[in-house]
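In what follows, a single structure is set out as structure tokens and then discussed.
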């Protein structure tokens, strides 16, 4: 692109470094900011700057937090004997939105993926093993995506736990609520039959 | 969404105010920034801030510029007798990329669109009429989008010019290069026949 302004070009360059945003979209975004009051840009830049420099990760579960320990870890209402292992802080938010889980979390920060150059040493596995060993954890729930990478990560953690006494479980895999059976893939449908649930139990949501 | 951090929530809120960016995309973008070195966020915020506060608009043509007059307006290589009227600075960039035009521009800053609450008084029409009256302009090219709003804007400007002596033209409307004739809409195809070009002339690109 042929910019008539270096200042504009640099702004577009930096915005287009964000994932999924090309030069054209970046130009549209910065021109939008130019049409809005300068205060909007000021608030945006200060919010981003504050986030990057002041946002902390919880010392226990590695969730994002404004303090040393996150809201969930310090809450007296949470069940401290159950630990849910998730890939990302977005998964914490998704599970919290269901209001079905009252235990604690452990954010791995990714999943083992040799294709993307992510190995076990890049994840918060060591701190997880320490938590399970040192705290009164009764159950560890693997809530990673049901993909090859997710399953590999689950298995790696399971092996790392060694002979620590703890119950492990994974979230149920089956037909999504509202989905048509005929369009489900074979593996998912197969698992949903294999891991069928007593009818009376399925009535309790 | 259920954020465990106010700082994160504010950053997501501000990013999601940008057009076409929802909360989920905003969260993905800010989490990307969190994984990158802090310098990337710092460069992004300072580039945006600099743009919003330091970017100027050319006094003559209203194109973006780092100086009082833009590069195109001060260039001695441009033909100062031809003026191309465009809606937006993106159109200037698009036409410059063709390398087919050596005249000057006039950026209206939009087109007349009562639906969006944009009237003639919101556009740089008065400065355009003054330029045509005061400078040695021989031809005025309307290069607005061939939509109802674009046509309305062209006609409004044409009327405003009154009895100022100047040739006016619009960019050619027809079948796009590389397009299949059978898929063209009737109006475009009709215009392309009506405004057909002598074959020898069409060979010169």
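Chains as they are written, first to last, in the working numbering: chain A, 14 to 218; chain B, 14 to 218. The beta-carbon is built from N, C-alpha and C at its ideal position, and this holds for glycine as well.
Let me check understanding here. Comparing Cα to Cα, which of the options lies closest to residue i?
{"i": "residue 90 of chain B", "options": "B:154, B:72, B:27 and B:112", "result": "B:112"}
{"i": "residue 27 of chain B", "options": "A:184, A:64 and A:104", "result": "A:64"}
{"i": "residue 160 of chain A", "options": "A:97, A:52, A:201 and A:117", "result": "A:201"}
{"i": "residue 20 of chain A", "options": "B:17, B:80 and B:37", "result": "B:80"}
{"i": "residue 186 of chain A", "options": "A:180, A:155 and A:68", "result": "A:155"}
{"i": "residue 119 of chain A", "options": "A:102, A:57, A:58 and A:212", "result": "A:102"}
{"i": "residue 97 of chain B", "options": "B:114, B:110 and B:84", "result": "B:114"}
{"i": "residue 55 of chain A", "options": "B:16, B:62, B:57 and B:67", "result": "B:62"}
{"i": "residue 143 of chain B", "options": "B:59, B:177, B:132 and B:44", "result": "B:177"}
Applying the criterion that 16 or more other CB atoms from any shown protein chain within 10 Å of the CB defines a buried residue, is residue i buried or exposed?
{"i": "residue 87 of chain A", "result": "exposed"}
{"i": "residue 24 of chain B", "result": "buried"}
{"i": "residue 100 of chain B", "result": "buried"}
{"i": "residue 75 of chain B", "result": "buried"}
{"i": "residue 190 of chain A", "result": "exposed"}
{"i": "residue 34 of chain B", "result": "buried"}
{"i": "residue 125 of chain A", "result": "buried"}
{"i": "residue 215 of chain B", "result": "exposed"}
{"i": "residue 17 of chain B", "result": "buried"}
{"i": "residue 51 of chain A", "result": "exposed"}
{"i": "residue 182 of chain B", "result": "exposed"}
Note the first and the last residue of the continuous alpha helix (DSSP H) segment covering residue i.
{"i": "residue 163 of chain A", "result": "161-174"}
{"i": "residue 197 of chain B", "result": "No alpha helix (DSSP H) holds residue 197 of chain B; DSSP gives it neither H nor E."}
{"i": "residue 28 of chain A", "result": "19-28"}
{"i": "residue 85 of chain B", "result": "84-87"}
{"i": "residue 217 of chain A", "result": "Segment: none, residue 217 of chain A is in no alpha helix (DSSP H) and carries neither H nor E."}
Determine the extent of the beta strand (DSSP E) in which residue i is found, giving its start and end residues.
{"i": "residue 94 of chain A", "result": "92-99"}
{"i": "residue 183 of chain B", "result": "180-183"}
Could you name the residues of chain D that residue i contacts, counting a contact when the two beta carbons are closer than 8 Å?
{"i": "residue 210 of chain B", "result": "Protein chains in the displayed structure are A and B, and chain D is not among them."}
Taking only beta carbons into account, state which residues of the region 83-104 of chain B come closer than 9 Å to chain A, listed in chain order. 83, 84, 85, 101, 102 and 103
If the cut-off is 8 Å on Cβ atoms, which residues from the region 113-142 of chain A count as contacting chain B, listed in chain order? none
Selection of the region 197-208 of chain B by Cβ proximity to chain A, strictly under 7 Å: none
Ignoring anything shorter than 3 residues, give me the beta strand (DSSP E) runs that lie fully in the region 109-155 of chain B, in order along the chain. 117-120 and 152-155
What beta strand (DSSP E) runs, 3 residues minimum, are completely inside the region 34-58 of chain A? none
Taking any Cβ of chain A, which residues in the region 20-41 of chain B have a Cβ under 9 Å from it, in chain order? 20, 21, 23, 24, 25, 26, 27, 28, 30, 31, 32, 33, 34, 37, 38, 40 and 41
Got a sec: which bits of the region 69-83 of chain B sit with their beta carbon under 7 Å from any beta carbon on chain A, in order along the chain? 76, 77, 78, 79 and 83
Which residues, in order along the region 141-164 of chain B, keep a beta-carbon less than 8 Å from a beta-carbon of chain A? none
Chain-ordered residues of the region 55-69 of chain B with a beta carbon less than 9 Å from chain A: 55, 56, 57, 58, 59, 60, 61, 62, 63, 64, 65, 66, 67, 68 and 69
At a Cβ cut of 8 Å, what residues of the region 171-193 of chain A count as close to chain B, listed as they run along the chain? none
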